[in-house]
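Here is the structure we will look at, set down as structure tokens.
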Amino acid sequence: MSDWLEAARDLPVVDVAVRLGLEVRGGRSLAPCPSCGADVRSRTHHDHRGPIGVTPNGRGWRCHKCDAHGDAIQLARECLGVEALPAFFGGSGNLKPWNPPIPKPKAPDTPELLRPPGDEVADLWVRCLPVTDDADVRAWASGRGWDLATLAHVADRDLARALPPDGLPPWARFGRRTPWSVSGHRLIVPLWGATGDLVSVRARYCLPGGTPRAKALGPFRDRPDTEPGYSVRGLAMGDAVTVAMLRTGQPPEWWEGKPFELWIAEGEPDFLRLATWWGDAGDHAPAVLGIIAGSIDAPLMARVPTGAVVTLATDDDRAGDKYAVAAWKELAVRCTVKRSKG
Numbered sequence: 031m032s033d034w035l036e037a038a039r040d041l042p043v044v045d046v047a048v049r050l051g052l053e054v055r056g057g058r059s060l061a062p063c064p065s066c067g068a069d070v071r072s073r074t075h076h077d078h079r080g081p082i083g084v085t086p087n088g089r090g091w092r093c094h095k096c097d098a099h100g101d102a103i104q105l106a107r108e109c110l111g112v113e114a115l116p117a118f119f120g121g122s123g124n125l126k127p128w129n130p131p132i133p134k135p136k137a138p139d140t141p142e143l144l145r146p147p148g149d150e151v152a153d154l155w156v157r158c159l160p161v162t163d164d165a166d167v168r169a170w171a172s173g174r175g176w177d178l179a180t181l182a183h184v185a186d187r188d189l190a191r192a193l194p195p196d197g198l199p200p201w202a203r204f205g206r207r208t209p210w211s212v213s214g215h216r217l218i219v220p221l222w223g224a225t226g227d228l229v230s231v232r233a234r235y236c237l238p239g240g241t242p243r244a245k246a247l248g249p250f251r252d253r254p255d256t257e258p259g260y261s262v263r264g265l266a267m268g269d270a271v272t273v274a275m276l277r278t279g280q281p282p283e284w285w286e287g288k289p290f291e292l293w294i295a296e297g298e299p300d301f302l303r304l305a306t307w308w309g310d311a312g313d314h315a316p317a318v319l320g321i322i323a324g325s326i327d328a329p330l331m332a333r334v335p336t337g338a339v340v341t342l343a344t345d346d347d348r349a350g351d352k353y354a355v356a357a358w359k360e361l362a363v364r365c366t367v368k369r370s371k372g
């Protein structure tokens with residue numbers, strides 16, 4: 031057995047959990063579970079301890095939700111994968127910092143992910159209107175409790191735009207027959223790739239008083255059922271600082287004096303609200319990344335600078351737990367990762 035492996039088996043689970051970015055609650059419970067994503071022990075019984083309990087001797091753990099269990103090594107393996115263990119434990123069983131170089135985004139998987147035509151995406155985005163100019167978007171924002179100043183911040187920071195009145199590309203449809211202008215999906219939010227390029231868009235339903243069959247849509251590809259549609263895998267929403275981060279893999283040049291701070295929000299409304307939350311707080315307001323199903327993958331997360339402080343503001347439900355765990359597995363080994371409680 032390797033010397034580092036032998037030494038690591040005797041490390042206190044809580045010490046390893048802290049290094050992995052897990053939250054320690056009450057000294058003997060941990061959250062979230064890297065196996066099942068649970069963030070609390072029991073919502074039904076209002077037990078907000080972490081789902082993972084640490085054994086009395088401090089050398090073992092068990093999840094009360096999924097029954098995953100083991101020692102410090104198994105906890106690190108659940109979080110990071112077996113390949114990362116030697117580097118994480120410092121090759122000697124000591125919890126030494128691990129700061130790998132930022133990898134370049136890898137090439138898309140084979141078969142290549144399908145995206146809408148780039149020139150059509152760019153043309154639609156250019157022709158979109160300010161969100162403050164669209165009555166339906168204004169009504170949607172008001173219905174969420176946003177004032178006009180918040181919507182003006184969305185417009186000023188170019189976080190989203192409103193659908194243009196005509197000239198939509200063929201993929202801007204709900205199904206084969208209904209263009210977004212008819213289906214009510216009028217709020218357009220750009221989706222950025224791992225290198226900070228505009229790749230696609232999301233359309234959010236905004237008709238007041240309506241009941242949407244889909245709250246948000248991506249581009250529709252008319253195809254046989256045996257062929258894939260347009261993919262959003264590895265794409266995310268982002269404010270200007272986040273897009274700059276994606277393009278370089280580094281904090282902005284002017285960011286000095288404290289660790290780079292990034293918040294990750296789930297869904298279009300939470301992204302827009304969080305990206306305007308700090309108002310005109312200055313150069314060191316946190317960057318905000320918005321995710322949807324499929325956003326979190328290794329190339330995208332690799333662009334988050336090593337040493338960043340990342341706050342996961344995903345929803346407090348099963349899907350939100352899943353997204354938080356996915357991001358945490360990608361980032362915890364080289365960033366400080368926290369989970370927002372609302």
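Counting from 1, position 168 in the sequence shown corresponds to residue 198 in our numbering; the numbering is continuous, with no gaps. Positions of the beta carbon are idealized from the N, C-alpha and C atoms, including for glycine.
- Of the candidates Leu221, Gly226, Gly239, Leu221 places its Cα closest to the Cα of Ala233.
- Under the DSSP assignment, Ile326 falls outside any alpha helix (DSSP H); it carries neither an H nor an E label.
- Its chain contains Val54, Leu60, Leu105 as the residues whose beta carbon lies nearer than 7 Å to that of Ala47, once the 5 sequence neighbours on both sides are disregarded; these appear in chain order.
- Beta-bridge pairing by DSSP links Met267 to Gly320.
- Taking every protein chain shown into account, the CB of Trp284 has fewer than 16 other CB atoms within 10 angstroms, so this residue is exposed.
- The alpha-carbon of Arg145 is positioned some 21 Å away from that of Ala332.
- If you draw a 10 Å sphere on the C-beta of Ala244, you find fewer than 16 other C-beta atoms in it, and that means exposed.
- The segment 212-232 makes contact with the segment 145-164, as at least three CB pairs between them are under 8 Å.
- Exclusion of the five residues before and after Trp210 leaves Leu193, Leu198, Ala202, Arg203, Phe204, Arg216, Ala233, Leu247 as the residues of its chain whose Cβ lies within less than 8 Å of its Cβ.
- The continuous beta strand (DSSP E) containing Ala233 extends over residues 228-235.
- Note on Asp40: under 16 other CB atoms within 10 angstroms of its CB, so exposed under the neighbour-count rule.
- The criterion of a C-beta distance shorter than 9 Å is satisfied by Gly337 and Cys365.
- For Leu221, the three-state secondary structure derived from DSSP is strand.
- Taking C-beta separations shorter than 8 Å and ignoring five residues to either side along the sequence, the partners of Ala270 in its chain run Arg187, Asp188, following chain order.
- Of the candidates Val273, Ala357, Pro316, Pro116, Pro316 places its Cα closest to the Cα of Glu286.
- Here Leu178 is exposed, its C-beta having fewer than 16 other C-beta atoms within 10 Å.
- Of the candidates Gly90, Val339, Asp164, Arg58, Val339 places its Cα closest to the Cα of Gly51.
- For Lys288, the three-state secondary structure derived from DSSP is coil.
- Excluding five sequence positions before and after Gly324, the CB atoms of its chain that fall closer than 6 Å to its own CB belong to Val262, Arg263, given in chain order.
- For Cys96, there is no enclosing alpha helix (DSSP H), since its DSSP letter is neither H nor E.
- Val367 places its beta carbon 9 Å or farther from that of Cys63.
- Runs of the beta strand (DSSP E) lying entirely within the segment 52-116, each at least 3 residues long, are 53-55, 59-61, 82-84, 91-93 in chain order.
- For the set Gly100, Val334, Arg369, Ala38, the Cα lying nearest the Cα of Asp345 is the one of Arg369.
- With contacts defined as CB atoms closer than 9 Å, Ala190 and Val219 qualify as a contacting pair.
- Leaving aside the five residues that flank His78 on each side, the residues in its chain whose CB is nearer than 8 Å to its CB run, in chain order, Arg55, Val70, Arg71.
- Per the C-alpha coordinates, the member of Glu360, Ala305, Glu291 positioned closest to Gly297 is Ala305.
- Beta-bridge partners of Phe204 (DSSP): Thr208.
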